[in-house]
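Before any comments, here is the structure.
Residue numbers (our numbering): 49 to 346.
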């Protein structure tokens, strides 16, 4: 259940940093796999049920590592949107500009602010359950993420509108071929980012709503502390939207590439009729005989 999260992080980074992906280390997936593997094997080797309780120091670092890896995918789309705006403004030299993962750093800073005064005195058998001392702050963090998601989606819509206006401006003026190509690439990547952002917003909204509902109604609604804890664990450990977004992202990218290839094959062509067609024919014949003459004189 935990594997799709690590895969999604790696896929988001791969699609968002396609030109620099080979230089980007992704160690988030193995962290989650290690933590979930620990929780899986411990019940088979402990001698008593009390031994299932995770040591406080181990829980502290394991819990924070798990939360970082589980919440970074929620902030990465914000980084992609910022990158799209930077790419739009620096279309002429975007390939040589530096890329900073500001939203990822912000995510880590927020988690530190939530847990900086938590004594971690609760007893837990899972790394992903939130301590009671930090539960209220973490609920506020979820509400903050929902607001960020809606804002990010609105920014992507604005980005496409601004890009369409700039694209028309570049067509009217005598821009360089590289600038026109860069604008076309930015257009496709921005459309892809909008699709992924909307999908992430839709599934993430359902996921967070379920979590907040579980936390709000409390254990009385589920008939006891055990059932309540199980429901919390299920919603924390199985964010299925991570796996769905991967397939939607690949399908959207395939559709955009196919659409661009069809556009190129139908619009980029040499006329073969009329005065322009005759001129193109003469140029082709002249180029052929020029190449023959060059080969004969070598």
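Note that beta-carbon positions come from the ideal geometry of N, C-alpha and C, so glycine has one too.
Can you tell me whether residue 179 is helix, strand or coil according to DSSP? Taking the chain shown and counting its residues from 1, one reaches residue 179 at position 131. Correct three-state label for residue 179: coil.
Give a yes or no on whether the C-beta atoms belonging to residue 158 and residue 189 are separated by under 8 Å. Locating residue 158 in the chain shown gives position 110, where the first residue counts as 1. Locating residue 189 in the chain shown gives position 141, where the first residue counts as 1. Taking 8 Å as the Cβ cut-off, residue 158 and residue 189 qualify as a contacting pair.
Given residue 203, which residues of its chain have a CB within under 6 Å of its CB, disregarding the five upstream and five downstream residues? Here residue 203 corresponds to residue number 155 of the chain shown, with the count starting at 1. Around residue 203: 129.
Look at the Cβ atom of residue 168, then the Cβ atom of residue 110, and state whether they are nearer than 8 Å. As a working mapping, residue 168 is identified with position 120 in the chain shown. As a working mapping, residue 110 is identified with position 62 in the chain shown. Not in contact: residue 168 and residue 110 (Cβ atoms no closer than 8 Å).
Taking only heavy atoms of the ligand NAP into account, decide whether any of them is closer than 7 Å to the Cβ of residue 275. The ligand NAP is not among the ligands present in this structure, which contains no ligands whatsoever.
Applying the 10 Å Cβ sphere with the 16-neighbour rule, what's the burial state of residue 127? What you label residue 127 is simply residue 79 of the chain shown in a count that begins at 1. Counting Cβ neighbours within 10 Å, residue 127 comes out buried, since at least 16 surround it.
Given residue 347, which residues of its chain have a CB within under 8 Å of its CB, disregarding the five upstream and five downstream residues? The requested residue 347 is not part of the displayed model; the chain covers only 49 to 346.
Report buried or exposed for residue 302, applying the criterion of at least 16 other Cβ atoms within 10 angstroms of its Cβ. Residue 302 sits at position 254 when you count from the first residue of the chain shown. Result: exposed.
Simplified DSSP state of residue 298, which is helix, strand or coil: Locating residue 298 in the chain shown gives position 250, where the first residue counts as 1. Of the three classes helix, strand and coil, the one that applies to residue 298 here is helix, per DSSP.
Looking only at its own chain, which residues have a Cβ that is under 7 Å from the Cβ of residue 115, when we skip the five neighbours before and after it? Taking the first residue of the chain shown as 1, we reach residue 115 at position 67. The answer, listed in chain order, is 159.
Best match in 295, 178 and 96 for proximity to residue 259 [C-alpha to C-alpha]: Here the question's residue 259 lines up with position 211 in the chain shown. Residue 178 is the option with its Cα nearest to residue 259.
Quick one: grab the DSSP three-state call for residue 190. As a working note, residue 190 is residue 142 in the chain shown. Helix.
Cα-Cα separation, residue 273 to residue 264: Translated into positions along the chain shown, residue 273 becomes position 225. Translated into positions along the chain shown, residue 264 becomes position 216. Each residue's alpha carbon lies about 14 Å from the other.
Can you tell me which of the three DSSP states residue 272 falls into? The residue you call residue 272 lines up with position 224 of the chain shown. Residue state, collapsed to three classes: coil.
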